[in-house]
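Residue numbers (this note's numbering), protein chains in the order written: chain F, 5 to 240; chain E, 4 to 397.
We treat Cβ as the ideally placed atom computed from N, Cα and C, and that holds for glycine.
Fair warning: this is a prediction, and the values are worked out from it, not measured in the lab.
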């Protein structure tokens with residue numbers, strides 16, 4: 005296996021790093037191989053917790069804001085502000101309140117993930133044809149029924165798009181975790197002294213693969229979640 | 004008949020068939036500085052009748068309709084449904100007992116035809132098998148094949164089919180009152196005409212009280228048992244049956260709104276059977292020609308009609324054709340047949356189009372009834388006009 009990989013030069017070396025552990029650059033501990041797959045799990049856990057928390061906050065907020073139509077400017081502006089703040093700065097800022105470690109990074113990632121989900125959920129609900137909402141109310145649906153039976157299903161495609169954007173952002177940004185003392189695939193990227201060039205490249209490859217995979221997975225989920233009647237509309 | 008304040012899951016019979024609707028000084032003011040949207044509107048709609056609210060934009064016709072199911076809240080005054088104020092009922096609960104169909108239809112695109120129709124029964128908590136039976140029944144009523152249509156989505160329907168599903172959804176829970184806001188507005192004229200006729204046919208069966216909003220006076224005249232003409236500021240200009248509206252507009256605004264061609268519009272409301280027809284001598288082949296010549300002398304029409312044994316007209320015979328001893332077997336000149344049940348407008352249009360002086364009016368069996376001419380239609384209109392001039396105007 006090492007021979008054809010060697011032909012790929014540094015790239016092949018990085019791939020090999022993923023499957024074979026070696027002594028660290030600084031000597032002592034073994035890095036690569038099984039060790040790096042442990043980091044993948046850390047990375048995924050961190051990203052998943054942050055995303056689920058962001059969804060739990062942003063989806064209900066976006067639904068309610070979109071349904072009432074009030075405070076829309078708040079949703080949009082908060083989101084824009086959120087996008088402007090660099091996550092790295094946030095991590096540093098949060099050290100003062102949460103110290104360093106898993107929760108510091110998670111919290112920063114939640115704040116990163118909320119804006120796209122919030123904005124898209126809000127927009128998804130707002131773009132539902134007002135006549136449709138009028139018809140739903142006129143049939144005797146309560147506000148909650150209009151939201152649950154009409155607005156939410158029709159907002160699902162856009163909502164899922166928001167989750168997709170946030171997922172890619174979070175997976176990419178979770179590489180900052182080691183700076184706040186949490187473990188992730190950022191380790192081989194940040195700790196050059198331990199992993200060397202090969203480890204850094206291997207870590208980057210893995211992060212990219214995870215982001216692309218998640219993106220494709222959620223795109224498939226979006227297709228599954230889009231109500232059949234809507235897919236027909238889009239095709240005609 | 005009493006208004007049901009709660010759902011009765013036992014069966015549609017638990018609902019009143021139709022409710023009497025009463026506007027009592029109903030008023031909606033959005034901006035106290037501006038004129039009201041609806042201004043002290045008072046009118047009674049008897050149970051089972053179609054009341055059309057018609058007027059130019061800004062006349063508050065849609066607002067007035069939406070006050071009924073509290074999609075818009077009254078500022079003052081009241082609206083009673085079978086004597087019970089709509090103010091006393093929960094809006095969502097009230098709306099489940101009032102059918103609602105709007106121009107854009109608002110079918111839910113993510114739900115099938117069957118699910119759309121089942122919306123209100125489901126909200127009312129009907130059991131599933133009853134909902135399914137009702138959906139089947141309604142699909143049959145609106146002439147859509149249940150097998151084929153049940154699982155379709157709105158995107159897979161034509162405009163006319165969507166409209167029908169919208170109406171089916173509105174009457175699904177057998178509400179005693181139906182609100183329709185320009186329900187046939189966004190549809191091509193041919194389909195619209197067909198849907199209007201279908202709805203009138205349906206209405207003859209279900210006999211709901213209907214509030215129907217339109218800006219189209221022709222549609223109002225066609226659909227309405229009574230028409231409320233509203234003017235800017237939500238003021239009622241006239242409330243009357245269509246004939247009355249056309250014969251005796253209350254003022255210049257109404258006269259203007261119903262149009263300068265209101266005489267012609269009236270013709271669309273009248274049937275040929277209501278016109279006093281001329282008598283033409285009916286002769287049978289082989290009968291003595293002398294008697295026919297005698298009769299022709301006294302008749303209002305200068306020609307005789309050759310009829311078959313059943314009395315069905317076959318052709319016109321000129322006096323010259325009756326010169327012999329017996330009435331000839333034909334063929335005679337072709338006749339323009341007009342059904343007694345046709346509208347006078349259609350009859351007039353055919354007389355003009357065929358460029359003939361006389362139309363031969365027949366009954367359902369095709370048997371000769373009389374002769375119609377443009378002159379007779381003129382007389383008819385004049386007589387109607389005189390009657391209207393003498394009738395009290397509100």
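Query: For residue 207 of chain E, which of E:74, E:144, E:38, E:65 has the nearest alpha-carbon?; Result: E:144
Query: Which residues in chain E sit within 8 Å of residue 157 of chain F, going by Cβ to Cβ distance?; Result: 113
Query: With 8 Å as the limit, tell me which residues of the region 297–324 of chain E have their beta carbon closer than that to any beta carbon of chain F; keep them in chain order.; Result: none
Query: Beta carbon of residue 220 of chain F, beta carbon of residue 117 of chain F: below 8 Å?; Result: no
Query: Express the C-alpha separation of residue 229 of chain E and residue 1 of chain E in angstroms, rounding to a whole number.; Result: Residue 1 of chain E cannot be examined here, being either before or after the span of chain E that is shown, 4 to 397.
Query: Name the residue from E:260, E:30, E:91, E:284 whose alpha carbon lies nearest to the alpha carbon of residue 330 of chain E.; Result: E:284
Query: Mapping DSSP to helix, strand and coil, what is residue 64 of chain E?; Result: helix
Query: Touching or not, the region 209–220 of chain E and the region 170–190 of chain E, by the rule of three or more beta carbon pairs under 8 Å?; Result: yes
Query: I need the DSSP call for residue 34 of chain F, collapsed to helix, strand or coil.; Result: strand
Query: Applying a beta-carbon distance threshold of less than 7 Å, which residues of chain E neighbour residue 161 of chain F?; Result: Chain E residues near residue 161 of chain F: none, gap ~10 Å exceeds 7 Å.
Query: Using a Cβ-Cβ distance cut-off of 8 Å, determine whether residue 171 of chain E contacts chain F.; Result: no
Query: Secondary structure at residue 103 of chain E, three-state DSSP: helix, strand or coil?; Result: strand
Query: Please name the residue, chosen from E:21, E:248, E:348, that lies closest to residue 383 of chain E on a Cα-to-Cα basis.; Result: E:348
Query: Taking DSSP as the reference, what is the three-state secondary structure of residue 129 of chain E?; Result: coil
Query: Do residue 79 of chain F and residue 122 of chain F have their CB atoms nearer than 8 Å?; Result: yes
Query: When burial is assigned at 16 or more other CB atoms within 10 Å of the CB, is residue 170 of chain E buried or exposed?; Result: buried
Query: Tell me which same chain residues have a C-beta within less than 6 Å of the C-beta of residue 174 of chain E, skipping the five on either side of it?; Result: 102
Query: Which ranges does the beta strand (DSSP E) cover as unbroken runs of at least 3 residues, wholly within the region 29–91 of chain E, from first to last along the chain?; Result: 41–48, 53–57, 79–84
Query: Extract the residue ranges of the alpha helix (DSSP H) inside the region 108–174 of chain F, only unbroken runs of 4 or more that lie entirely within it.; Result: 134–142, 147–150
Query: Between which residues of its own chain and residue 141 of chain F is the CB-CB distance below 7 Å, once the five residues before and five after are set aside?; Result: 150
Query: Are the region 330–345 of chain E and the region 250–261 of chain E touching by the rule of at least three beta carbon pairs closer than 8 Å?; Result: no
Query: Between F:164, F:214, F:202, which has its C-alpha nearest residue 188 of chain F's C-alpha?; Result: F:214
Query: Sort E:42, E:177, E:22 by Cα distance to residue 50 of chain E and report the nearest one.; Result: E:22
Query: Could you check the C-alpha separation between residue 307 of chain E and residue 322 of chain E for me, to the nearest Å?; Result: 8 Å
Query: Less than 7 Å between C-beta atoms, sequence neighbours within five positions excluded: which residues of the same chain meet that for residue 69 of chain E?; Result: 75
Query: Kindly list the residues whose CB is nearer than 6 Å to the CB of residue 139 of chain E, restricted to its own chain and excluding five residues on each side of it in sequence; keep chain order.; Result: 149
Query: Using CA atoms only, rank isn't needed, just tell me which of F:108, F:138, F:114 is closest to residue 111 of chain E.; Result: F:138
Query: For residue 100 of chain F, count neighbouring Cβ atoms within 10 angstroms of its own Cβ and tell me buried if that reaches 16, exposed if not.; Result: exposed
Query: When you compare the CB of residue 105 of chain E with every CB in chain F, is at least one pair closer than 8 Å?; Result: yes
Query: Roughly how far, in whole angstroms, is the beta-carbon of residue 64 of chain E from the beta-carbon of residue 233 of chain E, given that I think they are within contact range, below 8 Å?; Result: 5 Å
Query: Three Cβ pairs or more, each shorter than 8 Å: is that satisfied between the region 147–161 of chain F and the region 196–212 of chain F?; Result: no
Query: Using 8 Å as the limit for Cβ to Cβ distance, is residue 33 of chain E near chain F?; Result: no
Query: With a threshold of 16 other CB atoms inside 10 Å of the CB of residue 113 of chain E, please say whether the residue is buried or exposed.; Result: buried
Query: Three-state secondary structure (DSSP) at residue 207 of chain F?; Result: helix
Query: What is the rounded straight-line gap between the Cα of residue 157 of chain E and the Cα of residue 281 of chain E?; Result: 53 Å
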